[in-house]
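Enquirer:
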DNA sequence: TGGGCTGTTGGAACATCGTTCCATTTCTGT
DNA sequence: ACAGAAATGGAACGATGTTCCAACAGCCCA
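Protein chains in written order, with full-length UniProt numbering: chain A, 1 to 223; chain B, 1 to 223.
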C-alpha cells in the first residue's frame, strides 16, 4: 500500500470563472501584468493550472475578462441626466480613472481595441454622440475620435505598467524628460520644449483637454 | 585528432546593428511580430543568439530600433511648404501608411508611446502645431491630441498584426462585425449600428476624418 | 615576428512561461 | 447504487528570452 496515494485536500469552495478573475485582478493590481502567470494564479487559488484552463480559454481571455470586469463596473456607475457633452466628459473621465487606478488595463485596452471592455466604453460614448444629432457617417467618426483619446492614455499608462513595481510615477516621467533633454536641440526642438513641462503636468487635465478639443471640433463642423 | 574540432565557417561580412535590424524587419514584414525570435533571427543571419545580444540589448530594443528605422525613413521624406494644417495631414497620413504597410509597427508604437519612433512623429507634428501660434500650454494639448489619432490606428492595426498570417484584412473586419451583431440589441444598440458599417468602411478616410476633427477643434477654440 | 589584449562570435545551457494531457475525484440524474 | 459528465491537480511538453562561456580575429606593442 503506497504511503502517499491520497491526493491533497480538495478545496471546499468551488472554482469558478468569477473567482478566477477576481484573483487575477488582485495579482495584477498588486504586482503588474508580468506577475499574472498561471502558476502564480494556481498557487493563489490553491489549485493547478489545468483546473484554471477548464474555466478560461487562455491568458488573453483571462486578461480581457479582468479588464471587462472593471470597465463594466465603471460604466454601469455612470449616471447622466445632463447634456450629451457633459455626459461624454463623465464617461471618458471614468475610463481615465479606471486606467489610472489599474495601469494594466491600459495595456489590455490598447492591445486589443475590439475586445468587450472597449466596446462597453464605445457604446456609452456612442449613445451620447447620437444625441448630438449629426449625420450617420459623421457619428462614427466622432465616436472613434473620442475613443482615440481613451486609447491614447491607455497606451501611455500601459508603458508605465510594464515598469518594475518600485518605480514612482513622477520619477518615471522625470526620467523620460531627462532622456528627451539629451536629444539634439536642432532635430528635436519641440520635444525638448515639451520635456520641460512633462514632469509637472496633470495627466487628467491634459486628457480632458484632448476630449474637449474633439468636442469643440464636432461642434464647429456640424453645428 | 577530433574529426569535428573546427567551428563552422565564420561569416565574411561583419555583423552590425544595422544588418540585424534589417533582417528583423524582413522577418516582421514576412511573418508578423510573433515570428521574430532570436532563433529565427540567428538562423537568417547565420550566427548565434549570443552574437546578436552583443549588438542589441534585448528584444524590446530590437523592435524599437526596427520601428524607428522605418518611421525615420517616412518622416524624413515628408517635405512641406504648404500651410501647417495641410502639413499636419501629410505627416499623419505618412504615419498611417507606414503602420498600414507594416502592421507590427502598430503594436510597437502603441505598446510604448515614448519610444524614439513616436518622438519622431511628435516632433514633426509639434513643429507644425507651433506654426499655428497658440499659447504654450495649448500647444502640447493639441499635439498630443493629434498623436492620439496616430496611436489609435496603431492600436487597431496592432490587433490585426497578431492574427494568423493567412487571415484576410476584410475577413477580419467582417468577423468582428459578425461578433458585434450577436450582442444584446438593447445593451449594445450603438455598437450594432456601427457593425453594419464596419466591413465596408475606409480606414484611411476615417483616420483623416479624426485628424480633421481635432484640427477643427483647434481652429474653433483658439482662432 | 610573436604574444597578449580587447572586441566579437557561435551555440549550449538555464529559467520561465503558456498550454496540453491525463489519471483521478466529485457531482448528478436515474 | 451506479454510469456518465463535469471538474480537478499536477506532471510534462515545446518554445522563448536571456545568460554564459569557450573559442576566435584582428590589432598594438615589444
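Cβ coordinates follow ideal geometry from the N, Cα and C atoms, glycine included. Quick caveat, the model's predicted, so the values are computed rather than measured.
Could you pull the start and end residues of the alpha helix (DSSP H) that residue 172 (chain B) belongs to?
Expert: 169-181
Enquirer: Span of the alpha helix (DSSP H) holding residue 29 (chain A)?
Expert: According to the DSSP assignment, residue 29 (chain A) belongs to the alpha helix (DSSP H) that extends over 17-31.
Enquirer: I'd like to know if residue 54 (chain B) contacts chain A, where contact means its C-beta is closer than 8 Å to some C-beta of that chain.
Expert: Residue 54 (chain B) does not count as touching chain A.
Enquirer: Using 8 Å for Cβ pairs, my map puts residue 103 (chain A) next to residue 160 (chain A). What's the rounded Cβ distance?
Expert: The C-beta separation of residue 103 (chain A) from residue 160 (chain A) comes to about 6 Å, placing the pair in contact by the 8 Å criterion.
Enquirer: What is the rounded straight-line gap between the Cα of residue 89 (chain B) and the Cα of residue 149 (chain A)?
Expert: 18 Å
Enquirer: For the region 87-136 of chain B, list the alpha helix (DSSP H) runs that are entirely contained and at least 4 residues long, ordered along the chain.
Expert: Taken in chain order, the whole alpha helix (DSSP H) runs of length 4 or more contained in the region 87-136 of chain B are 103-111 and 116-132.
Enquirer: Between which two residues does the alpha helix (DSSP H) containing residue 53 (chain A) stretch?
Expert: 49-55
Enquirer: To the nearest angstrom, how far is it from the Cα of residue 68 (chain A) to the Cα of residue 80 (chain B)?
Expert: 44 Å
Enquirer: Should residue 126 (chain A) be labelled buried (16 or more other beta-carbon atoms within 10 Å of its own) or exposed?
Expert: buried
Enquirer: Per DSSP, what kind of secondary structure is residue 203 (chain A) in: helix, strand or coil?
Expert: Residue 203 (chain A): helix per DSSP, three-state reduction.
Enquirer: Under 8 Å between C-beta atoms, does residue 100 (chain B) make it to chain A?
Expert: no
Enquirer: Under a CB-based cut-off of 8 Å, is residue 117 (chain B) close to chain A?
Expert: no
Enquirer: Please name the residue in B:222, B:116 and B:139 whose C-alpha comes closest to that of residue 187 (chain A).
Expert: B:116
Enquirer: Name, going along the chain, the residues of the region 190-208 of chain A whose beta-carbon falls closer than 7 Å to a beta-carbon of chain B.
Expert: 190, 191, 194, 197 and 206
Enquirer: Could you tell me whether the region 178-195 of chain B touches the region 130-138 of chain B, using the rule of 3 or more Cβ pairs below 8 Å?
Expert: Touching, no.
Enquirer: For residue 173 (chain A), collect the residues of the same chain with a Cβ closer than 7 Å to its Cβ; drop the 5 residues on either side in sequence, then sort them by chain order.
Expert: Only 198 and 199 meet the Cβ criterion.
Enquirer: Tell me which residue opens and which closes the alpha helix (DSSP H) that residue 76 (chain B) is part of.
Expert: Here the alpha helix (DSSP H) through residue 76 (chain B) covers 59-77.
Enquirer: When the cut-off is 8 Å and only beta carbons count, does residue 108 (chain A) lie next to chain B?
Expert: no
Enquirer: If you measure from the beta carbon of residue 81 (chain B) to each beta carbon in chain A, is any gap under 8 Å?
Expert: no
Enquirer: Would a check of beta-carbon distances place residue 135 (chain A) closer than 8 Å to chain B?
Expert: No, its Cβ sits nowhere closer than 8 Å to a Cβ of chain B.
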